[in-house]
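Worksheet: the structure to be examined is printed underneath.
Laid out in structure tokens, this is it:
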């Protein structure tokens, strides 16, 4: 299973749609997005792609985005409980503090906000920040039975 991880898109203030069009969405089963789309049209764009879309809102998102998406969520893929959160809830996206924002047990934490890619393990939880798409960075999470591989991507 291949999952597109994307955060901090910032369209239209720091990015354009033609950068989103450089991603080959057909290679992914899911799009997991951790906020700061800014405008609602970015959500429509993701939902129009082949992969299944799950997202949360960020601190820079317009009201319509915040109305359409939750602040945090947990989804189950294979045997993994994956927590999605933007990261502004804990300063500059401190993964230790973000893990504690979830009541449910999670195996993977996906977050953004800091604009810095990260892949660490904290108390047995894999914490991944794909970096900022407004800087051309995103990530691919590959789930192979019990193996998790993170591939850093750039447009």
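Residue numbers (our numbering): -10 to 144.
Note that the Cβ used here is the ideal one computed from N, Cα and C, for glycine as well.
Keep in mind that this is a model prediction, so the values were computed, not measured.
Only exposed fits residue 36, as fewer than 16 other CB atoms lie within 10 angstroms of its CB. When the five nearest sequence neighbours on each side are left out, the beta carbons in the same chain lying within less than 7 Å of the beta carbon of residue 50 are those of 24, 25, 26 and 27, in order along the chain.
Residue 42 carries a strand assignment under DSSP once its states are collapsed to helix, strand and coil.
Residue 133: member of the beta strand (DSSP E) spanning 126 to 133, first to last residue.
Annotation for residue 34: no beta strand (DSSP E) segment contains it, though the alpha helix (DSSP H) segment containing it runs 29 to 36. Linking residue 143 to residue 126 through their CA atoms gives a straight-line distance of about 5 Å.
Contact between the segment 79 to 89 and the segment 99 to 116 is present: 3 or more CB-CB pairs across the two stretches fall below 8 Å. Annotated as distal: residue 21 and residue 56, with beta-carbon spacing of 9 Å or more. Distance check between residue 111 and each of 75, 66 and 97 places 97 closest, using alpha-carbon atoms only.
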